[in-house]
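Here's the structure, in structure tokens; my notes come after.
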Amino acid sequence: MKPTDTLRLDSPLGSMILTATPQGVSGAWFEGQRHEPSEAAMQNWTSNAANPLLQETKNQLLAYFAGQLSRFDLPLDLSAGTPFQQSVWQALLSVPASQTRSYGDLAKQLDKPKAVRAVGGAVGRNPVSIIVPCHRILGAGGQLTGYAGGVWRKQALLKLEGHTAV
């Protein structure tokens, strides 16, 4: 088990749990969201507000919420996922703040056009909300679909990024 430091962040959209391992940022969850870490996992974490990477993550997220940052520059540790999940999460990083994609688009990008449901499942289990921009993925018709942190947060994040169709 990797050593994991944690820090809580009060964001405009609710309290967040941030985590980092020696390899990079490993988590950014809204408290209470679907697929957040278990209590057992969290018991092994160390609260460390002095961790430089967590401080930088906090600063970049606050700049994002203030409309001053559209692209994060942080090392990531996405190793908690399966190889397929990791490939989906890496693909999410290619979606710029000014754009959205559908789950089908993402599946095609991964050369797995029939794996739309599996892609959706992996998107929903993204452990690094906002920084790995799963909120930019929409339904086939451009509709807002599920978001582990709540559809209202997805809508707020897209609005913050200037999307007018939300």
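Quick note: the sequence shown uses my numbering, first residue 3, plus one each step.
All C-beta atoms, glycine included, are put in the ideal place defined by N, C-alpha and C.
Small disclaimer: the values here were computed from a predicted structure and weren't measured.
Inset, instruction - Classify Asn46 as buried or exposed, calling it buried when 16 or more other Cβ atoms lie within 10 Å of its own Cβ. - result: exposed
Inset, instruction - Give the single residue among Leu78, Val130, Ala120 whose Cα lies nearest to the Cα of Gln35. - result: Val130
Legend entry - Spatially closest choice to Ser17 from Asn53, Leu63, Glu58, Gln157, by CA coordinates: Leu63
Inset, instruction - Provide the residue span of the beta strand (DSSP E) that contains Ser28, from first to last. - result: 26-32
Legend entry - Own chain partners of Lys114 with C-beta closer than 8 angstroms, once the 5 adjacent residues on each side are dropped: Ala120, Val121
Legend entry - Simplified DSSP assignment, three categories, for Ala20: As written in the sequence, residue 20 is Leu, which differs from the Ala given in the question. Strand at Leu20.
Legend entry - Proximal residues to Gln111 (C-beta, below 6 angstroms), its chain only, five neighbours per side dropped: Ala93
Inset, instruction - Check whether the Cβ atoms of Val153 and Leu146 sit closer than 7 angstroms, and answer yes or no. - result: yes
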